[in-house]
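So the structure is just underneath, and the comments pick up after that.
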Amino acid sequence: SAVISQKPSRDICQRGTSLTIQCQVDSQVTMMFWYRQQPGQSLTLIATANQGSEATYESGFVIDKFPISRPNLTFSTLTVSNMSPEDSSIYLCSVASAQETQYFGPGTRLLVL
Amino acid sequence: AQSVSQHNHHVILSEAASLELGCNYSYGGTVNLFWYVQYPGQHLQLLLKYFSGDPLVKGIKGFEAEFIKSKFSFNLRKPSVQWSDTAEYFCAVGRWETSGSRLTFGEGTQLTVNP
């Protein structure tokens, strides 16, 4: 399986600010995804990061709040914009090739004060 | 809409006890099924998966799961748990669409194994 890293691993931010999370994988992958895991809850898919085109967002998530970039097949970023305490979560990226299994990164633990 | 339900949110067992975690999904089409595990302080790891073929699949660390299509279920089992199995377990269902794969996760089951 691919080796996935995320930066930062954790952060504490003030409300109204933005944070960009990076996801790097050690091999080219077809699919990259961003999930959110709120405290005590399961994982929810935010969007699919598409290389060379706009991300595909799930219901309830919008580009203005969660802009995503994917400049190549090994890297993606997720920005959490204009943060509020409700955005405190673990944000995870995952990768998959073709129709294979998704593998997850270590996550970014975000606390918004 | 597709949904995944895990019946037990917190299970407490003693070492050597048998384990079965329930997972049901609601989707009538072709699905791929997964169990992921998250050990304390670690990231999400794949435990096992079912794509096609033998409905009884074996994963790492002695875990297995059985896909019963008629019941829309994919229950996780282990005959004898160990203290090191203490973790959170997530069932997930994947559908492969033209827009790419999408995973829907269950609520998760926290397993505590007492020594």
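The listed protein sequences derive, respectively, from chains A and B. According to our numbering, the stretch in the first sequence is residues 26 to 138, in order. According to our numbering, the stretch in the second sequence is residues 461 to 575, in order. Don't be surprised by glycine CBs; every beta carbon is placed ideally from N, CA and C. In this text the structure is predicted, and so the values were computed from the model without any measurement.
Check: Contact list for K509(B) against chain A, beta-carbon separation under 9 Å; Outcome: T126
Check: Local conformation of K529(B) per DSSP, three classes; Outcome: helix
Check: Continuous beta strand (DSSP E) stretch holding F91(A): start and end; Outcome: Careful: F91(A) lies outside any beta strand (DSSP E) and carries neither H nor E.
Check: Chain B within 8 Å of S101(A), Cβ atoms only; Outcome: no
Check: 8 Å Cβ cutoff, H503(B) in contact with chain A; Outcome: yes
Check: Beta-carbon proximity check, V541(B) vs L479(B), cutoff 8 Å; Outcome: yes
Check: Touch test, the segment 121-137 of chain A against the segment 90-102 of chain A, Cβ-Cβ under 8 Å, three pairs minimum; Outcome: no
Check: 8 Å Cβ cutoff, F129(A) in contact with chain B; Outcome: yes
Check: Segment limits, beta strand (DSSP E) that includes K518(B); Outcome: L516 to K518
Check: 3-residue-minimum beta strand (DSSP E) runs that sit fully inside the segment 480-521 of chain B, ordered along the chain; Outcome: 484-486, 492-498, 505-510 and 516-518
Check: Alpha carbon of P500(B) to alpha carbon of T546(B), nearest angstrom; Outcome: 8 Å
Check: Contiguous alpha helix (DSSP H) assignments of at least 4 residues, all confined to the segment 31-75 of chain A; Outcome: none
Check: Residues of its chain near A477(B), where Cβ-Cβ distance is below 7 Å and the 5 sequence neighbours each way are ignored; Outcome: V541
Check: Nearest-angstrom Cα separation, counted from V54(A) out to A121(A); Outcome: 6 Å
Check: Amino acids of chain B, ordered along the chain, whose beta-carbon sits closer than 7 Å to that of S67(A); Outcome: F550, F565, G566, E567 and G568
Check: Close beta carbons around R35(A), own chain, < 6 Å, minus the five adjacent residues each side; Outcome: R134
Check: Under the three-state DSSP convention, the category E111(A) falls into; Outcome: helix
Check: Span separating the alpha-carbon of T104(A) from that of L504(B); Outcome: 22 Å
Check: Beta-carbon gap between Y662(B) and Q466(B) smaller than 8 Å; Outcome: Look at the range of chain B in this structure, 461 to 575, and you will see that residue 662(B) is not part of it.
Check: Burial state of T564(B), where buried means 16 or more other Cβ atoms lie within 10 Å; Outcome: buried
Check: Which of helix, strand or coil DSSP assigns to S463(B); Outcome: strand
Check: Cβ neighbour criterion (16 or more within 10 Å) applied to R40(A); Outcome: exposed
Check: Pair within 8 Å by beta-carbon distance, F100(A) and Q49(A); Outcome: yes
Check: Per DSSP, cross-strand counterpart(s) of E548(B); Outcome: Q498(B) and Q570(B)
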